[in-house]
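Visitor: Going by numbering that gives the first Met the number 0, the first residue of the sequence shown is number 0, and it counts up by one from there.
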Amino acid sequence: MVIDRIEAFPLHYPEPHDSGNSRYVTLVKLTTADGLVGWGECICQFPEAALATRVIVDAGLAPLLTGQDPRDVERLWQAMRDRSWWYGNGGIAAFAISAIDMALWDVKGKALGVPLYDLLGGRRAKLRACASVIFDTEDLAATHAEFAGYVARGYTAVKGGWGKSRATSFGLDPARDLRVVSTIRDAIGPKVDFVVDVGTHVHWTSSHAIKMARAFEAYDLFWIEEPLPQDDIDGYVRLRRAVATPIAAGEKEWTLRAFKALIDAGAVDIVMPDAGKAEGVTGCKKIIDLAAAHGVRFTPHSWSSAINTAAAAHLFASAANGVVFELKPNPSPMQHELVRDPIVQVDGYVTLPNGPGLGIAVVEDVVQRYLMR
Ligand SMILES: [Mg+2]
0 MVIDRIEAFP
10 LHYPEPHDSG
20 NSRYVTLVKL
30 TTADGLVGWG
40 ECICQFPEAA
50 LATRVIVDAG
60 LAPLLTGQDP
70 RDVERLWQAM
80 RDRSWWYGNG
90 GIAAFAISAI
100 DMALWDVKGK
110 ALGVPLYDLL
120 GGRRAKLRAC
130 ASVIFDTEDL
140 AATHAEFAGY
150 VARGYTAVKG
160 GWGKSRATSF
170 GLDPARDLRV
180 VSTIRDAIGP
190 KVDFVVDVGT
200 HVHWTSSHAI
210 KMARAFEAYD
220 LFWIEEPLPQ
230 DDIDGYVRLR
240 RAVATPIAAG
250 EKEWTLRAFK
260 ALIDAGAVDI
270 VMPDAGKAEG
280 VTGCKKIIDL
290 AAAHGVRFTP
300 HSWSSAINTA
310 AAAHLFASAA
320 NGVVFELKPN
330 PSPMQHELVR
340 DPIVQVDGYV
350 TLPNGPGLGI
360 AVVEDVVQRY
370 LMR
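1) CB G148 to CB I183, shorter than 8 angstroms?
2) I need the DSSP call for A130, collapsed to helix, strand or coil.
3) Got a sec? Which residues, its chain only, sit under 7 angstroms from A124 by beta carbon, not counting five neighbours each side?
4) Count the other CB atoms, across all protein chains shown, that sit within 10 Å of the CB of L111; report buried if there are 16 or more and exposed otherwise.
5) Is the beta carbon of D196 within less than 7 angstroms of some heavy atom of ligand 1?
6) Might you give, ordered along the chain, the residues of its own chain that have their beta carbon closer than 6 angstroms to the beta carbon of G37, omitting 5 neighbours on each side?
7) CB-CB under 7 angstroms to E14, same chain, minus the five flanking residues each way: which ones, in chain order?
8) Considering only residues of the same chain and omitting the five flanking positions on each side of I306, which have a CB-CB separation below 6 angstroms?
9) Does the pairing of the segment 349-368 with the segment 301-315 give three or more beta-carbon distances under 8 angstroms?
10) With a threshold of 8 angstroms between beta-carbons, can I96 be considered close to chain B, or not?
11) Are the Cβ atoms of A93 and W253 separated by less than 8 angstroms?
12) Could you please give the first and the last residue of the uninterrupted alpha helix (DSSP H) stretch that includes L289?
13) Could you tell me whether the Cβ atoms of W85 and G279 are closer together than 8 angstroms?
14) If you check the beta carbons only, do A128 and A151 fall under 8 angstroms apart?
15) Which whole runs of the alpha helix (DSSP H) in the segment 83-118 are 4 residues long or more, in chain order?
16) Rounded to whole angstroms, how far is the Cβ of M79 from the Cβ of L60, which I believe are closer than 8 angstroms?
17) When every heavy atom of ligand 1 is checked, does at least one fall within less than 7 angstroms of the C-beta of G160?
18) Under 7 angstroms: does the beta carbon of E40 sit that close to some heavy atom of ligand 1?
19) List the residues that DSSP assigns as beta-bridge partners of C430.
20) Taking the CB atoms as reference points, tell me whether E137 and T167 lie closer together than 8 angstroms.
21) Identify the continuous alpha helix (DSSP H) that holds P9 and give its terminal residues.
22) For R372, tell me which candidate among I187, Y12 and I2 has the shortest Cα-Cα distance.
23) Are the beta-carbon atoms of T142 and A95 separated by less than 8 angstroms?
24) Are there any heavy atoms of ligand 1 lying less than 7 angstroms away from the beta-carbon of A73, as far as the coordinates show?
25) Skipping 5 residues on each side, what residues in its chain have a beta carbon closer than 7 angstroms to that of Q67?
26) Would you identify the three-state DSSP class for D231, choosing helix, strand or coil?
27) What is the rounded straight-line gap between the Cα of Y369 and the Cα of L10?
28) Hey, is E14 close to ligand 2, as in C-beta under 7 angstroms from one of its heavy atoms?
29) V362 and R339 - do their beta-carbons sit closer together than 8 angstroms?
30) Regarding E252 and ligand 1, is the C-beta to nearest heavy atom distance less than 7 angstroms?
31) Based on the DSSP output, what are the partners of V194 in its beta bridges?
32) Just curious, the alpha helix (DSSP H) that L326 is in, first and last residue?
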């Protein structure tokens, strides 16, 4: 079995969970000489990143892998890292590696006729879902109704963060932050797990984060997500030592080395690798195992396409240190149009795809519909 071709598809779509704003992913389609097809995705987020990822695939990684056995995933993953030694170790190279690696695992599962979770050593059929949204920090009646609605639909965990605009982002106004948190706790009742994700454009200091985390204690947060700038590892250590609420970070990180730095420092309770960014299923598996060995839990960051959601689900199902499974709760083109069999929440859980590989069927007409022109 050899790889015949690897094609990259940068997509542009409106994200209903982000007020219909433009979002970008790049998909990879890997085809073997005997006709097996695997799909992968990276969460590029920006148009320049989606297009640049296609260049890395077309000019570098696809020629490198063509003619090789796609089942030799670990070696090919290392070969892609070696190829991008000068421009990679994160960044656009990690996007390209992530998407191709995911497609390699998809093909390997299809070649062997087994779901990806079986290849990774897992068998958990159901994952507890967490409805994950950008919340409205101003119209609190709407926010109250929205979160009560998720609980009514069966969710036992919810996550809200950021805010509808930069000016009203969570984290900018302590009084408003407390109103938002108390509103949501009131809406969901005392038993539902509740995560707050501080906006990425908010630059808290560790002192402020400690003050806010203590103020939030009355509302029993499941974890506080990314309260500090990515590089403030010392701040994370100080924060984590000062508060009882678990601290999560890592969706902005790319490599095992970066996650090792967070884990070694004791900076976080929960790491959040994204399979569409942290060098694919292979990269995430290494990160998840490293976390487990240090008593650190993980929650997969997954907020892009159904391909990423499937990869995250298989990873989650094959690890013992997963917390809850992040899911966009409402209809979205990349979740519900892109594949014939989207992963959905029922009674608080999602059921793992059982088909071979990622277990999803990509609709190629939809890929063409959202292709960047
Ligand atoms: Mg987040």
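No residue lacks a Cβ here, since even glycine has one placed at the ideal position from N, Cα and C.
Guide: In short:
1) No. Outside cutoff.
2) In this structure, A130 counts as strand in the three-state DSSP scheme.
3) Taken in chain order, the residues that qualify are T350 and L351.
4) The residue in question, L111, is exposed, as its Cβ has fewer than 16 Cβ neighbours within 10 Å.
5) At least one heavy atom of ligand 1 lies less than 7 angstroms from the C-beta of D196.
6) Within the same chain, Cβ atoms closer than 6 angstroms to the Cβ of G37 are found at L29, A102, D105 and V106, the five residues on either side in sequence being excluded.
7) N20, R22 and S331, listed in sequence order.
8) Excluding residues within five positions, the ones whose Cβ falls inside 6 angstroms are W38 and E40.
9) Yes, the segment 349-368 is in contact with the segment 301-315.
10) Of the chains in the structure shown, none is chain B; there is only one protein chain.
11) Against a cut-off of 8 angstroms, the Cβ pair of W253 and A93 comes out as a contact.
12) In the DSSP annotation of this structure, the continuous segment of the alpha helix (DSSP H) that includes L289 starts and ends at G279 to A292.
13) Cβ atoms of W85 and G279: not closer than 8 angstroms.
14) No. Outside cutoff.
15) Counting whole runs of 4 or more residues, the segment 83-118 contains the alpha helix (DSSP H) stretches 90-111.
16) Contact holds; Cβ gap of about 5 angstroms.
17) True, at least one ligand heavy atom lies under 7 angstroms from that Cβ.
18) No, Cβ of E40 sits at least 7 angstroms from all heavy atoms of ligand 1.
19) Nothing can be reported for residue 430, as the shown portion of the chain is limited to 0 through 372.
20) Result yes, Cβ atoms of E137 and T167 sit closer than 8 angstroms.
21) If you look at P9, you'll find it isn't in any alpha helix (DSSP H); it sits in the beta strand (DSSP E) that goes I2 to E14.
22) With distances taken between Cα atoms, R372 lies closest to Y12.
23) Contact: no.
24) Going by the sequence as given, residue 73 is Glu instead of Ala. Every heavy atom of ligand 1 is 7 angstroms or more from the Cβ of E73, so no.
25) Excluding sequence neighbours, Q67 sits near V1, I2 and L75.
26) Three-state DSSP puts D231 in coil, outside helix and strand.
27) Straight-line measurement puts the Cα of L10 at about 5 angstroms from the Cα of Y369.
28) Judged by which ligands are present, ligand 2 is missing from the structure shown, whose ligands are ligand 1.
29) Between R339 and V362, the CB-CB gap stays under 8 angstroms.
30) Distance from the C-beta of E252 to the nearest heavy atom of ligand 1 is not below 7 angstroms.
31) K158 and W222.
32) L326 -> not in any alpha helix (DSSP H); beta strand (DSSP E) instead, spanning F324 to L326.
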